[in-house]
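Just so we're aligned, residue 0 is where the sequence shown starts under numbering that gives the first Met the number 0, counting upward by one. Heads up, the thing below is written out as C-alpha cells.
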Amino acid sequence: MIAPVVLILLAVVLVVFGPMVLKRSTWLERSPRLGIAAWQALSISLVSAVVLAGLSLAVPVIPWTADLAQLVRACAMALQEQYSTPGGAIVSSTGLVGAAAVMATVGYSLARGLMAAARSRSRQLEALAMIASPHESLDALVIEHAAPAAYCLPGRNAQIVLTSATLSALDPKQLDAVLAHERAHLHGRHHLILAAADALLHAFPGIPAFREARDALGRLVEMMADDDAAESSDRMTVATALVRLAERSGTPAAALGAGSESALSRVRRLLGPARPLGMGRTVVATMATGTLLALPVFFAIVPAAAAGTMPPCPVDRISTSA
C-alpha cells in the first residue's frame, strides 16, 4: 500500500506546487520549446500518478524470480490472497475502476476535441471555398475584410488565411514574417499540443493545474512560432507585424493566429534583447523535465524492485494453498 499513497501525495504536490514553480520560472519564455515540454510533463505526470496509484491498488507487489513457473505461481497466489477478502477486493476493484475511468475520460475528451476541431475546420474550409481566393504570389488564401487578420487552419488540407486589410496594413517584410509564423504553426503541429491540453481541461475542469497549463501552452506555442519567424526575418519586423495585427484581430475557432490575445506580451519579448537559454541551462532544464515525467513511474516501480530482493513464495506454501 506504500506506492498508492506516495503516488497520490505526488499528484497533490504536482497540482499545488507544479504550476506555481513553472509560472515563476523565467527560462520558459527564453526557450518556449522547453517550456512546452515542461508543462506537458507536468500534465502527463499528474495523470500518470493517479492512474498508477489505481493500478498499484489493483495489482499486488510480486517478488521477482528468474524461474518463470515460480513467478506465475507467486503472481496467482498474490492475486488470490489480495482478492480473497471483501475489503481487499473492494480496494483493489476501486483502484482498477478509478484508473480505467481516468484513462477513458482523457481518451474520450481527446477524441471528442479532435473530431470537433476537424468538423470546425471542414466547415471553415467550405466557407473559404466560396469567399476566399488564392493569392497570386503567396501560398495563402485572401478574403475581403476590413480588419487585418492572419491565421492558419491545420490538418490534412492546411491553409493560411489572410484578410485584404492585412495585405494593406503590412509591408512585404512584415507579411513574410507573418507567413513564416503561420507556417511554423503548421509544420510544428501546434494544434495537437493545444488539443491535448484542451482534452485534459475538459476532462477535469475542476483541476486548476490543467487550466493554467492550457493558458501557458497557448502563449508558448505563439512564442515558438515568433522565434521561428524571427529566424528568417528579424525580431523588430515580427514585433511590428504583431502590433498591426493585434489592433483588430479575430481568429476563428480551431485556428491558430499571429495576432492572438498574448500579442502584447510577445511584442515586449521580441523588442527586448534575445536571451538564449544557453547549453548548460538547457541541459539542466531538460533533465528536470525528464525527471518530472519519470517520477510517477519511479514511485510505482520502487516497491516492485524492492520485492525483487524478497524470496519467492516457498514451494510448500504454494502446495499447501493449492
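Glycine residues also receive a C-beta, built at the ideal position from the N, C-alpha and C atoms.
Nearest neighbour of HIS190 by Cα position, chosen from ASP138, LEU152, SER30 and VAL5, turns out to be LEU152. Secondary structure of PRO133 (DSSP, three-state): strand. Of the candidates ALA10, ILE43 and ILE300, ILE43 places its Cα closest to the Cα of GLY106. For the set LEU270, ALA115, GLU181 and ALA2, the Cα lying nearest the Cα of LEU140 is the one of GLU181. In the DSSP assignment, ALA149 falls within the beta strand (DSSP E) that extends over 149-152.
For ILE206, there is no enclosing beta strand (DSSP E), as DSSP gives it neither H nor E.
Spanning the alpha carbons of LEU166 and ARG122 requires a straight line of approximately 25 Å. By the Cβ-count criterion, GLU221 is buried, with 16 or more other Cβ atoms from all chains shown falling within 10 Å of its own Cβ. According to the DSSP assignment, THR162 belongs to the beta strand (DSSP E) that extends over 158-162. The beta carbon of LEU27 sits closer than 6 Å to the beta carbons of GLY34 from its chain, once the five residues preceding and following it are set aside; these are given in chain order. By the neighbour-count criterion, in which a residue is buried when 16 or more other Cβ atoms sit within 10 angstroms of its Cβ, LEU41 is buried. The DSSP-derived three-state label of LEU169 is coil. CA-CA distance, PRO171 to PRO31, rounds to 27 Å. As the crow flies, the alpha-carbon of GLU230 is around 45 Å from that of ALA100. Secondary structure at VAL141: strand, using DSSP grouped into helix, strand and coil.
The criterion of a C-beta distance shorter than 8 Å is satisfied by ALA98 and ALA57.
Inclusion of ASP175 and SER136 in the CB contact set at 8 Å is not warranted, their separation being larger than that value. ARG210 has its alpha-carbon roughly 24 Å from the corresponding atom of ALA183. With contacts defined by Cβ atoms closer than 8 Å, ALA110 and GLY154 do not form a contacting pair. In this structure, LEU13 places its C-beta atom within 8 Å of the C-beta atom of LEU45. In the DSSP annotation of this structure, the continuous segment of the alpha helix (DSSP H) that includes LEU41 starts and ends at 31-57. Of the other Cβ atoms in all chains shown, 16 or more fall within 10 Å of the Cβ of ARG265; this residue is therefore buried.
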